[in-house]
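Residue numbers (the working numbering): 1 to 303. Everything below concerns the one structure shown next.
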């Protein structure tokens, strides 16, 4: 877990703290750019979940309960709340589940292209038919030995996206993602979606806190790589259906909002850095409509 607090511009003693929850296949350092931006405003936290990156050893996949128990233990030992939880993809489910379990500890939710239990049902029928035969666990088992050209392909994709990052951050991150372990872990984490979707459906309601969803509006090179043979019209259909799903979800809570972002699913925090940084700032300072409390004041700190 890495925690940053700027000594120059920290409102309210660095609260609410911003906590980035990686998506499946990503780790804390993937969010280095937006982590640093958040730390200009308040305390910012990135971490590797158990079983990923440099996290503690753990069997994958895990349940929402297991992942949020771990997160709470880490946060309570390190960072005073309340927290603005920033969940990307699978991390969006973890953020929501944490908020339903521990509502008094969450100041706001920022979800970046989040996984959702109704995602598949919201998609065009032809796309659902294509996805029906995919088994993430089965594919992950084949990743122990990958052809060198596959690893080089992913190395080049990440190198292109991270070209402007400092070498000491960029190179270990590329090495991780261009390795059989890094590629396999992403699939393993997402191999129990039916179970964690059921957990999410059985969870209690979200607390009355700001919910801001950023929805990717483009097909990035990573999406193209895993969508060979799928017509561009269907990929656009997924983007449109996803935005409708997120819009309905945001409308179901008192203070929900959706913002499209000119980026893809994997690269939403990279190519969409400015949008993510602005969303974090809006939630931390309470500038957006229906902010965190009177005059933008967050809930009382968790002790």
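Ideal Cβ placement from N, Cα and C applies to all residues, glycine included. All values reported here derive from a predicted model rather than from experimental measurement.
The residue from 16, 78, 124, 246 with its alpha-carbon nearest to that of residue 260 is 246. The DSSP assignment places 83-88, 106-112 as complete runs of the beta strand (DSSP E) inside the segment 74-146, in order along the chain (cut-off: 3 residues). With fewer than 16 other beta carbons inside 10 angstroms of its own, residue 156 counts as exposed. Sequence-distant partners of residue 56 (beyond 5 residues in either direction) whose C-beta falls short of 7 angstroms from its own C-beta, in its chain, are 50. If you draw a straight line from the Cα of residue 237 to the Cα of residue 128, it is about 11 angstroms long. Per DSSP, residue 211 is one residue of the beta strand (DSSP E) stretching across 211-216.
Scanning 189, 174, 18, 81 for the CA closest to the CA of residue 58 turns up 189. For residue 233, the enclosing alpha helix (DSSP H) covers residues 232-251.
Under the three-state reduction of DSSP, residue 44 is assigned to strand.
When the beta-carbon positions are compared, residue 235 and residue 227 come within less than 8 angstroms of each other.
The segment 195-209 and the segment 252-272 touch, with three or more beta-carbon pairs separated by less than 8 angstroms.
Counting C-beta pairs with one atom in each stretch, the segment 101-114 and the segment 85-93 have three or more that are closer than 8 angstroms, which means they touch. In this structure, the beta-carbon distance from residue 266 to residue 223 falls below 8 angstroms. A straight line joining the alpha-carbon of residue 177 with that of residue 96 spans about 26 angstroms.
Here residue 25 is buried: its Cβ has 16 or more other Cβ atoms, across all protein chains shown, within 10 Å. In the structure shown, the three-state DSSP call for residue 21 is strand. Sixteen is the threshold: since fewer than 16 other Cβ atoms of the shown chains lie within 10 Å of the Cβ of residue 76, the residue is exposed.
Secondary structure note for residue 172: its alpha helix (DSSP H) is the uninterrupted segment 167-177. Around residue 119, the same chain offers 245 as residues with beta carbons nearer than 7 angstroms, after the five sequence neighbours per side are excluded.
Rounded to whole angstroms, residue 54 and residue 28 show a C-alpha spacing of 9 angstroms. Annotation for residue 258: the continuous beta strand (DSSP E) segment containing it runs 256-261. According to DSSP, residue 2 shares a beta bridge with 46.
Contact between residue 84 and residue 280 holds, with the beta-carbon distance rounding to 7 angstroms and staying under 8 angstroms. Spanning the alpha carbons of residue 243 and residue 217 requires a straight line of approximately 8 angstroms.
Here the alpha carbons of residue 241 and residue 233 stand approximately 12 angstroms from one another. From the listed residues 199, 174, 275, the smallest Cα separation to residue 63 is found for 199.
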